[in-house]
Amino acid sequence: MNEDMLTSTGYEECGLTREEVDLRVSRGLTNSNTDVRTKSVARILGEHACTLFNAVNLAMALLVLSTGSYKNVAFVAVVVSNLVIGVTQEIRAKRMVDKLSIMTAKEVRVMRAGEVRGISVEDVVLDDMVLVSHGDQIPADGEVVSGEALVNESLLTGESDAIEKASGSQVFSGSFVETGSVRYRVTKVGQDGFAAKINAEAKYVKPVSSEIVDTLDFIIKLGTFALVPLGIGLFARLMLSSRFGHDAAILQTVAAVIGMIPQGLVLLTSSVFAIATTRLAARKVLVQQAYCVESLARVDVLCLDKTGTITTGAMEVSEARGEGAASAAYTIARALEADANETSRAIISFGEGRGLVAQAAARTVPFSSATKLSGCLTVDGRALAMGAAQFVLARDYSAHEEEVRSFGQLSRVLAVCEFDGFDDGGRPLGRARLIGYLAIQDEIRPTARATMEFFKRQGVDIRVISGDDPYTVSGIARAVGVPGAQRFVDASTLSDEREVARAVEECRVFGRVTPQMKRSLLRALKAQGHVVAMTGDGVNDVLALKEADCSVAMAAGSAAARNVAEIVLADNDFAHMPEVVAEGRRSINNLERSAALFLMKTVYTMVLALICIAIPPYPFIPVQMSLVSTAVIGVPSFLLALEPNHDRVRGSFIRNVLSRSLPASGAVIASLFLTILVARILGWSVSELSTCCMLEMFAIGTALIYRISLPLNPFRLFVLAVVVAIAVLGCTVFSSFFSVGAPTLISVGVALALSVSGIFLFVRTFAAVQEGRGTAHAIDRIIARVESLNAGK
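The sequence shown: position 640 = 640 (the UniProt record's numbering), numbered continuously.
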């Protein structure tokens, strides 16, 4: 106690004086700055705007604008769209989470200068005398001075059973008073509080866990590294050839280098995740970090907090034994209804469901930590009491112990007895006369078993992590069908990292878990190569939520859990998890398929720029590249990305994509290289060369779309038809806008011949890669090298 700061007399009865409060406020000893906040709008804008991708495209746009050819700046629309989608999605998620209740307690009752006053949580100061009773949330840590209460600390510790508090007991901010009332002295405020310290450990910037993001960053960096020397070299070569002016050289150079940056893939990725988050929002699932959708698609271990996920957090009566036991318990619960806890509410619900009638009570006996029971005296003189069997039956418990144990591990057994009466302190008089038993247990979510079945079918392992007794948690896990639920461990017995690593491999249920141990368990799972998702709702889950590859919180839980989680279940229904995982898998599987189209262009653009330094000119200008990208990359990618696809994502993103795109890139490079040679030999104009090359790229690109769309269905046939239609319209009706010249008979013949040859080369190479033969070994070495560079090895 801060004795040096307490100058008033009768402090425990009167609380702090005005002067003592002012002194603490001046020293900063207030209960402010304890919450966790979401990102600011300015930070969100900065993170999305200040990127290498945006910088490169801005520089290219300025170069094109310097030529006065404004239609060739069309590629900037992709950049702007990507920025708008990303910022809008994240700000929307931020605002939805900010709307959720940050603090349950609206006003706190304190004793100051002998008067009870209502103040805000932030105005509580050190040494304040706080009064809390049934239903109140404790605003700051402290020590009980007087009174008795049962306090629910599940959001802090994970233990669902209420904790008895009496004089000398410690209470913690964020917990709730279930029954009774206490007066306590505040011993810790602000960042010194129990919950605030856990929050402080979680206050680090969690890096985005996304293989797609890492791959895109790598491709953008690689493209930027390549485009500077290639761009300078191509521009110099075009200027030195004396065939092209300054503006024409810039347009051809920009057309070459913007193809090295997969703008459309960046936009597609943002769009796919935005669509996924919108779909999930319609199901009451708020996605705060869009890229966590990818992590969910790859998850192979899901860690669950028992309370709030498998169970609802409420209690229910599972069984009543003994004639009159249910009626007697219902009478007691009704008599104490004004101060009802979860157990009393369960009994009342049970009684109402069976049409029981409560006897009128002449006196109530609230639960006391001294007697460990609650009861009432009816108007007809019956002294009824209920509580844990070993306390209510007292010396007679041994005679009934076997029957009590027969209720099973899920149940907490209450003995309902009749006594001769109660003394003034609420202690029962005489020997207990047993009426019967009520078995109380956690209310299991009706959808829990079906949810577990889904994850079992999908090959996702379940780990149940709780602060409760492991034996009880194991029983609940078994009841909902968690595989291996009988393999449980008391986490308090795990003393070092080796024991933790062995436990996460062998066990499926963990009890008596502290917040720090939860984090250690997740770290051990990740160290074993697993992709781990974590669900939770309390302050005790914050560290683990931060550590998980993907974190899911319940909206009804603590503000800290909501704000650090990447996904928030707004209606607190864990049954949405299969939908969330399925949406992630649909998004990533389709994105991998579509990404093959974008990387095809990135690869052949780099190689083509290198070829054109030696053999100019570059055959395209930016607006023509926009037409090709729209027809064979952009439109089919967006359409294919909408298809259902619930297969679990496996393998490396970059390997999956390159194994499809490199055969097509090789075919395009070979066809365009031969076309450039033919154009030089026959003396074609740049317009004839561009038209011929565009036709070949349309043909080979369509072949790749066809191959990745197998097996065909009506929707995929529609996509192919749209691709052909865009290509035809762009080269005919809109030929003037896209600067497409009229082809000659010879150029058409060359384009057809090289298109057929390119498609044949692509089909043979693609098949070889899929079957692991022939050219597959060379492509595999290329992919391995790219993976090595991407990993920074």
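Ideal placement from N, C-alpha and C gives every residue a C-beta, glycine not left out.
All figures in this text were calculated on a predicted structure; none of them were measured in a lab.
Look at the beta carbons and you see the region 603-623 touching the region 224-240: at least three pairs across the two are nearer than 8 Å. Per the coordinates, the alpha-carbon of Cys292 lies some 39 Å from the alpha-carbon of Leu695. Per the coordinates, the alpha-carbon of Gln288 lies some 5 Å from the alpha-carbon of Glu566.
The beta carbons of Cys14 and Ala140 sit about 19 Å from each other, so the pair does not count as a contact at 8 Å. When the Cα atoms are used, Leu522 and Val580 turn out to be separated by approximately 21 Å. Residue Asp128 holds the alpha-carbon nearest to the alpha-carbon of Glu19 among Asn590, Asp128, Val763. A buried status is given to Ile588, since no fewer than 16 other beta-carbon atoms sit within 10 Å of its beta-carbon. The beta carbon of Ile782 sits closer than 7 Å to those of Leu662, all from its chain and outside the five residues before and after it, given in chain order. Leu761 is the residue among Leu761, Ser406, Asp780, Ala595 whose C-alpha sits nearest the C-alpha of Ala664.
Going by C-alpha positions, Gln409 is about 6 Å away from Thr472.
With contacts defined as CB atoms closer than 7 Å, Ser374 and Leu336 qualify as a contacting pair. Around the CB of Thr732, fewer than 16 other CB atoms lie within 10 Å, so the residue is classed as exposed. Note that the C-beta distance between Leu265 and Ala595 is below 7 Å.
Under the Cβ criterion (8 Å, minimum of three pairs), the region 523-535 does not count as touching the region 238-258.
When the Cα atoms are used, Pro644 and Asn72 turn out to be separated by approximately 36 Å.
Secondary-structure assignment with DSSP links Thr30 through a beta bridge to Val125. Taking the C-beta atoms as reference points, Ser398 is found no nearer than 7 Å to Glu164. The three-state reading of DSSP puts Asn341 in coil, since its state is none of H, G, I, E or B. Rounded to whole angstroms, the gap between the alpha carbons of Gly436 and Glu323 is 7 Å. Around Gly313, the same chain offers Thr307 as residues with beta carbons nearer than 6 Å, after the five sequence neighbours per side are excluded. Closest option to Ser173, judged by alpha-carbon separation, among Ser558, Val64, Arg92: Ser558. Straight across, the Cα-Cα distance linking Val76 with Ile119 is about 54 Å. Between Leu754 and Leu674, the C-beta gap is smaller than 7 Å, which places the two residues in contact. One Cα belongs to Val500, the other to Leu58, and the distance between them is close to 50 Å. Cβ contact annotation for Gly351 (same chain, cutoff 8 Å, sequence separation greater than five): Ala326, Ser327, Ala329, Tyr330, Ala333, Arg334, Ala358, in chain order. Bounds of the beta strand (DSSP E) holding Ala385 are 383-388.
Going by C-alpha positions, Val603 is about 16 Å away from Phe653. The beta carbon of Ala360 lies closer than 7 Å to those of Thr378, Val379 in the same chain, with the five residues before and after it left out.
Following the DSSP letters along the chain, one finds Asp217 in no beta strand (DSSP E) but inside the alpha helix (DSSP H) bounded by residues 211-240. Counting every other CB atom within 10 Å of its CB across the protein chains shown gives Ile705 a total of 16 or more, marking it as buried.
By a beta-carbon distance limit of 8 Å, Ala274 does not contact Ile465. Their separation comes to about 32 Å.
For the pair Ala196 and Thr30, the Cα-to-Cα distance works out to about 13 Å. Beta-bridge partners of Thr364 (DSSP): Cys376.
Nearest to Asn656 by C-alpha distance, out of Val635, Phe638, Gln624, Ala784, is Ala784. Under the DSSP assignment, Tyr184 falls in the beta strand (DSSP E) whose first and last residues are 176-188. Two segments are said to touch when three or more pairs of C-beta atoms, one from each, lie closer than 8 Å; by this definition the region 171-191 does not touch the region 217-228.
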